[in-house]
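Trainee: All residue numbers for the sequence shown refer to numbering that gives the first Met the number 0, where the first residue is 0 and numbers rise by one.
Note that beta-carbon positions come from the ideal geometry of N, C-alpha and C, so glycine has one too.
All of these numbers come straight from a predicted model, not from anything done at the bench.
One structure follows; several queries about it will come next.
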Amino acid sequence: MDAILTRLPDFLAGFKLSLQVAGLALLFGFPLGLLLSIAVQARSRLVRYSALVAVEFGRGAPALVLLQLFYFGMPTLHLTLSSMTTAVVALAWNTAAYSSEIIRAGLNGVHGGQHEAALALGLNRRDMYRYVLIPQGLRIALPALIGQAILIFQATSLAFKVALPELVSRAYEVGSNTFQYFPALAVAGLFYAAVCVPASFLVSEMERRVSKRY
């Protein structure tokens, strides 16, 4: 176990990279998910069906498939992505696809009287979303969005398949050097738990408050 503890800087470096990948995926994925949630309800068939294809493929394809698609499939299109870019793009798409449905449910959860009030005030469709539906819908969807963020952070563990030196990749490297795979992976698990367990309690508390209010 001492050999594992001496490699803690390697674990910390991988943990930091995992957080960076998750943060960037969420930074791009959540706004895109909001756009998709509005686009799937658009009046234009072209916009609506294009958004549905993006959502269903992003939800239907496992995150590992998306990672390998961008990493190994792009060279056939004469486009090569780095491991970091691949991980961010693939997980951002996955985030956008799932969060679009979460946000859409939140928007649909806004009381119908809010729609009527917005129309009575003379707001157009864009302003109704901007000032009425989106602020209230996001408040309803927030607990589920945080839950999705937890899943994306956990999904960064798949990025070792595209040669990204994140936390799991570092754990395998330490295990191969010390021949102590179980302790190395256990330490990696503790790093994930340090983020996911408190976040899970936060989600439960927020869900309780939202259900009480709405």
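1. Can you tell me the Cβ-Cβ gap for glutamate 165 and leucine 16, rounded? I've got them flagged as a contact below 8 Å.
2. Under 8 Å between the Cβ atoms of leucine 66 and lysine 160?
3. Measure the C-alpha to C-alpha separation of leucine 25 and glutamine 113 and round it to an integer number of angstroms.
4. With distance defined between alpha-carbon atoms, name the residue in Phe14, Gly59 and Gln40 nearest to arginine 124.
5. Reducing DSSP to helix, strand and coil, say where alanine 41 ends up.
6. Are tyrosine 97 and arginine 58 close, meaning C-beta to C-beta below 8 Å?
7. Once DSSP output is grouped into helix, strand and coil, what is the label at glycine 59?
8. So, leucine 137 versus glycine 105, is the Cβ gap smaller than 8 Å?
9. Let's test the definition: count the other Cβ atoms within 10 Å of the Cβ of threonine 155 and tell me whether it reaches 16, buried, or not, exposed.
10. With a threshold of 16 other CB atoms inside 10 Å of the CB of aspartate 126, please say whether the residue is buried or exposed.
11. Secondary structure at glycine 112, three-state DSSP: helix, strand or coil?
12. Could you tell me the distance, in whole angstroms, from the CA atom of arginine 103 to the CA atom of alanine 187?
13. Counting along the chain, where does the alpha helix (DSSP H) carrying asparagine 176 start and finish?
14. Three or more C-beta pairs under 8 Å: does that hold for the segment 71-88 against the segment 129-148?
15. Apart from the five residues on each side of it in sequence, which residues of its chain come closer than 6 Å, Cβ to Cβ, to alanine 193?
16. Can you tell me which of the three DSSP states leucine 201 falls into?
17. Counting C-beta neighbours from all protein chains within 10 Å, is the total for asparagine 93 16 or more, i.e. buried, or is it exposed?
18. Assuming glycine 22 contacts serine 168 (C-beta within less than 8 Å), just tell me the rounded distance between them.
19. Given a cut-off of 8 Å, decide if alanine 140 and valine 131 are closer than it, judged by their beta-carbon atoms.
Mentor: In brief:
1. For this step, residue 165 is matched to residue 166 along the sequence shown. For this step, residue 16 is matched to residue 17 along the sequence shown. About 5 Å separates the two Cβ atoms, so the contact holds.
2. Counted from its first residue, the sequence shown places residue 66 at position 67. Counted from its first residue, the sequence shown places residue 160 at position 161. Cβ distance < 8 Å, so leucine 66 and lysine 160 count as in contact.
3. Walking along the sequence shown from the start, residue 25 turns up at place 26. Walking along the sequence shown from the start, residue 113 turns up at place 114. Going from the Cα of leucine 25 to the Cα of glutamine 113 covers about 29 Å.
4. Locating residue 124 in the sequence shown gives position 125, counting from the first residue. Looking from the CA of arginine 124, the closest CA among Phe14, Gly59 and Gln40 belongs to Gln40.
5. Counting from one through the sequence shown, the residue named residue 41 turns up at place 42. Here alanine 41 sits in coil by DSSP.
6. On the sequence shown, position 98 is the one that residue 97 refers to. On the sequence shown, position 59 is the one that residue 58 refers to. Yes, the pair counts as a contact, with Cβ atoms nearer than the cut-off.
7. Taking the first residue of the sequence shown as position 1, residue 59 is located at position 60. Here glycine 59 sits in helix by DSSP.
8. What you label residue 137 is simply residue 138 of the sequence shown in a count that begins at 1. What you label residue 105 is simply residue 106 of the sequence shown in a count that begins at 1. The answer is yes: Cβ separation under 8 Å.
9. For the purposes of this step, residue 155 is taken as the residue at position 156 of the sequence shown. So threonine 155 counts as buried.
10. Numbered from its first residue, the sequence shown carries residue 126 at position 127. Residue environment analysis places aspartate 126 among the exposed positions, since fewer than 16 neighbouring C-beta atoms fall within 10 angstroms of its C-beta.
11. Locating residue 112 in the sequence shown gives position 113, counting from the first residue. The answer is helix: DSSP assigns glycine 112 an H, G or I state.
12. As a first step, residue 103 must be located in the sequence shown, where it is residue number 104. As a first step, residue 187 must be located in the sequence shown, where it is residue number 188. Their backbone Cα atoms lie some 35 Å apart in a straight line.
13. Numbered from its first residue, the sequence shown carries residue 176 at position 177. Unbroken alpha helix (DSSP H) run through asparagine 176: 166-177.
14. no
15. The sequence position of residue 193 within the sequence shown is 194, counting from 1. Nothing listed; no residue qualifies.
16. Residue numbering aside, residue 201 sits at position 202 when the sequence shown is read from its first letter. Under the three-state reduction of DSSP output, leucine 201 falls in the helix class.
17. Along the sequence shown, read from residue 1 onward, the residue named residue 93 stands at position 94. Buried is the call here.
18. Looking up residue 22 in the sequence shown gives position 23. Looking up residue 168 in the sequence shown gives position 169. That belief does not hold up - the Cβ atoms of glycine 22 and serine 168 are roughly 18 Å apart, past 8 Å.
19. Indexing the sequence shown from 1 puts residue 131 at position 132. Indexing the sequence shown from 1 puts residue 140 at position 141. No, these two residues do not count as a Cβ contact at 8 Å.
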